[in-house]
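Q: Quick note: the sequence shown, position 97, residue 98 per the working numbering, numbers continuous.
Even for Gly, the Cβ is constructed at its ideal location relative to N, Cα and C.
As the structure is a prediction and not an experimental result, all values here were calculated from the model.
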Amino acid sequence: YALSIINTYGCKDTDSVVVSAVTSLIADAGSPSNVCLGDSIGLLATGGANYEWFPIAGLSNPNIENPKASPAGDVTYTVVVTSGSCSDTDSVAITVLSLPTASMSSDTGVCMGDSAQLSATGAGAGGTYVWSPITGLESDTISNPKASPNGTTTYTLIIADNNGCKDTDSVTVNIHILPTANAGTDTSVCLRDSAQLSGTGAGVGGTYAWSPG
2 YALSIINTYG
12 CKDTDSVVVS
22 AVTSLIADAG
32 SPSNVCLGDS
42 IGLLATGGAN
52 YEWFPIAGLS
62 NPNIENPKAS
72 PAGDVTYTVV
82 VTSGSCSDTD
92 SVAITVLSLP
102 TASMSSDTGV
112 CMGDSAQLSA
122 TGAGAGGTYV
132 WSPITGLESD
142 TISNPKASPN
152 GTTTYTLIIA
162 DNNGCKDTDS
172 VTVNIHILPT
182 ANAGTDTSVC
192 LRDSAQLSGT
202 GAGVGGTYAW
212 SPG
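1. Going residue by residue through the stretch 70-141, where are the continuous beta strand (DSSP E) segments of at least 3 residues, counting only ones entirely within it?
2. Tell me whether the beta-carbon of V82 lies closer than 9 Å to the beta-carbon of D91.
3. Who are A3's beta bridge partners in DSSP?
4. Is the stretch 61-77 touching the stretch 33-49, taking contact as three or more C-beta pairs under 8 Å?
5. Can you tell which of A50, S133, G43, S171 has the C-alpha that lies nearest to the C-alpha of S61?
6. Looking only at its chain, what residues have a beta carbon closer than 8 Å to the beta carbon of D141, apart from the 5 residues adjacent to it on each side?
7. Kindly indicate which residue of V19, K13, C12, Y10 has the alpha-carbon position closest to the one of A3.
8. Nearest-angstrom Cα distance between Y78 and N164?
9. At the 9 Å Cβ level, is P63 part of the contact set with chain B, yes or no?
10. By DSSP, does D40 sit in helix, in strand, or in coil?
11. Within its chain, find whatever has a CB closer than 6 Å to the CB of T96; leave out the 5 residues flanking it on each side and keep chain order.
12. Would you check if the distance between the CB atom of V93 and the CB atom of V174 is smaller than 9 Å?
13. Rounded to the nearest angstrom, what separates Y156 and L179 at their Cα positions?
14. Checking the sheet assignment: what are the DSSP bridge partners for Y10?
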């Protein structure tokens, strides 16, 4: 727009101003999404110059176009998008998925060279199991591997359900050192006499079994 002015003395001056019209302001808060409980998800809005999200609970910053959301339950976030004096709103629903619960066998102990049967549940149909470390395991991606470590080992399990939500637990396999049997030295006795046998190696609380009887 151009402006011309003339004062009472006939002097003139002109000036102009540009008025920009926003023909369309359409807010877009993105598509509905899922997030595992305790995790965060990025929101992304478009359409304007300034953004205001609400409710603000669980948001890293309610006044930017791409805040991180960590809701404690299902929630619908609404964003108000403005550009100059124009504004528009849009909403996006976030569904919070419950976490699986890893349940596994108790700590156990085996003799050196033997195997311990591990067992875990919780991933559900289509879920996965990942054990670590893999040392001594017949498989690190099944729910019930046998473990034959060379020493006491704590195995950590991460389960993930078919939504990708995860839980973790651990179990310790204690390895018991083998005893060393010592039946004593060979000896000779006269017929109908007796010989004193002496065995060692079982330790306190251990047992001894001789054969033949």
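A: With the structure as the only source:
1. Fully enclosed beta strand (DSSP E) runs of no fewer than 3 residues occupy 76-84, 87-98, 109-112, 129-133 of the stretch 70-141, in order along the chain.
2. In the sequence shown, residue 82 corresponds to position 81, counting from 1. In the sequence shown, residue 91 corresponds to position 90, counting from 1. At a Cβ-Cβ threshold of 9 Å, V82 and D91 count as neighbours.
3. On the sequence shown, position 2 is the one that residue 3 refers to. Secondary-structure assignment with DSSP links A3 through a beta bridge to S17.
4. Counting C-beta pairs with one atom in each stretch, the stretch 61-77 and the stretch 33-49 have three or more that are closer than 8 Å, which means they touch.
5. Counting from one through the sequence shown, the residue named residue 61 turns up at place 60. For the residues A50, S133, G43, S171, the minimum Cα distance to S61 belongs to G43.
6. The count along the sequence shown starts at 1 and reaches residue 141 at position 140. If we look at D141 and ignore the five residues flanking it on each side, its Cβ neighbours are V131, W132, S133, I135.
7. Against the sequence shown, residue 3 aligns to sequence position 2. For A3, the nearest C-alpha among the options comes from V19.
8. One-based indexing of the sequence shown puts residue 78 at position 77. One-based indexing of the sequence shown puts residue 164 at position 163. Straight-line measurement puts the Cα of N164 at about 22 Å from the Cα of Y78.
9. The structure shown contains no chain B, having only a single protein chain.
10. Taking the first residue of the sequence shown as position 1, residue 40 is located at position 39. In the structure shown, D40 sits in coil (DSSP, three-state: anything other than H, G, I, E or B).
11. Position 95 of the sequence shown, counting from 1, holds the residue named residue 96. Exclusion of the five residues before and after T96 leaves N35, D75 as the residues of its chain whose Cβ lies within less than 6 Å of its Cβ.
12. The count along the sequence shown starts at 1 and reaches residue 93 at position 92. The count along the sequence shown starts at 1 and reaches residue 174 at position 173. In this structure, V174 does not lie closer than 9 Å to V93 by Cβ.
13. Here residue 156 refers to the residue found at position 155 when the sequence shown is read from its first residue. Here residue 179 refers to the residue found at position 178 when the sequence shown is read from its first residue. The alpha-carbon atoms of Y156 and L179 are separated by roughly 22 Å.
14. Locating residue 10 in the sequence shown gives position 9, counting from the first residue. Y10 is not bridged to any residue.
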